[in-house]
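>
Residue numbers (the working numbering): 4 to 120.
Okay, structure coming up:
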């Protein structure tokens with residue numbers, strides 16, 4: 004796991020013959036994740052997928068989002084969760100291991116509302 008973007012960078016599991024093998028498509032180096040990347044293994048947010056033309060209307064208010072993909076808002080925009088540093092804490096017992104990723108995400112200020120009439 005990388006704390007940058009909460010990326011699942013590497014995971015190996017045994018196949019039916021018991022041979023361990025990789026099951027995650029990843030990029031070779033951290034620099035590849037910090038540059039323009041295809042979000043491999045990353046936690047995206049506040050939203051996933053594309054929001055057409057970087058805007059949506061909710062309860063009569065149109066909100067504008069930064070466009071980062073050919074005029075559309077993709078996977079949380081340019082400062083989405085994929086580009087943030089997560090805090091990691093681990094725990095291990097005799098039979099299990101766990102990793103908790105935490106990110107403080109205050110209320111968004113990038114969505115500028117435009118009241119429809």
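Backbone N, C-alpha and C fix where the C-beta goes; we use that ideal spot for every residue, glycine too.
(1) Rounded to a whole number of angstroms, what is the C-alpha to C-alpha distance between residue 26 and residue 63?
(2) Taking the CB atoms as reference points, tell me whether residue 107 and residue 45 lie closer together than 8 Å.
(3) Less than 8 Å between the CB atoms is what I'm expecting for residue 87 and residue 21, so what's the real figure, rounded?
(4) To which residues of the same chain is residue 55 closer than 7 Å at the C-beta, ignoring the five residues directly before and after it?
(5) Locate the alpha helix (DSSP H) running through residue 96, then write down its first and last residues.
(6) Please determine, among 19, 33, 18, 17, the residue with the shortest C-alpha to C-alpha distance to residue 11.
(7) On the CB-based measure, 16 or more other CB atoms within 10 Å of its CB, does residue 68 come out buried or exposed?
(8) Please classify residue 57 as buried or exposed, where buried requires at least 16 neighbouring CB atoms within 10 angstroms.
(9) Any idea which residues DSSP pairs residue 24 with across the strands?
(10) Under 8 Å Cβ to Cβ from residue 119, same chain only, skipping five residues before and after it: list those, please.
(11) Which residues bound the beta strand (DSSP E) around residue 101?
In short:
(1) Taking the chain shown and counting its residues from 1, one reaches residue 26 at position 23. Taking the chain shown and counting its residues from 1, one reaches residue 63 at position 60. Cα to Cα, residue 26 sits roughly 44 Å from residue 63.
(2) As a position in the chain shown, residue 107 is number 104, starting the count at 1. As a position in the chain shown, residue 45 is number 42, starting the count at 1. For residue 107 and residue 45, no; Cβs fall outside 8 Å.
(3) Translated into positions along the chain shown, residue 87 becomes position 84. Translated into positions along the chain shown, residue 21 becomes position 18. 38 Å between Cβ atoms; not a contact.
(4) The sequence position of residue 55 within the chain shown is 52, counting from 1. Setting aside the 5 residues that flank it on each side, residue 55 is surrounded in the same chain by 75, each with a C-beta closer than 7 Å to its C-beta; the list follows chain order.
(5) The sequence position of residue 96 within the chain shown is 93, counting from 1. First-last for residue 96: undefined, no H or E at that position.
(6) The residue you call residue 11 lines up with position 8 of the chain shown. Out of 19, 33, 18, 17, the CA that lies nearest to the CA of residue 11 is found in 33.
(7) Taking the chain shown and counting its residues from 1, one reaches residue 68 at position 65. The residue is buried, with at least 16 neighbouring Cβ atoms inside 10 Å.
(8) Counting from 1 along the chain shown, the entry for residue 57 is found at position 54. Residue 57 is buried by the Cβ-count criterion.
(9) Counted from its first residue, the chain shown places residue 24 at position 21. According to DSSP, which records beta bridges pairwise, residue 24 is partnered with 16.
(10) Here residue 119 refers to the residue found at position 116 when the chain shown is read from its first residue. Confidence at residue 119 is low in this model, with a pLDDT of 47, below 50, so the placement of that residue should be treated as unreliable; the coordinate-derived value is given next. Excluding positions up to five away in sequence, the list reads 60, 63, 64, 65.
(11) Numbered from 1 along the chain shown, position 98 holds the residue referred to as residue 101. DSSP places residue 101 in the uninterrupted beta strand (DSSP E) bounded by 100-105.
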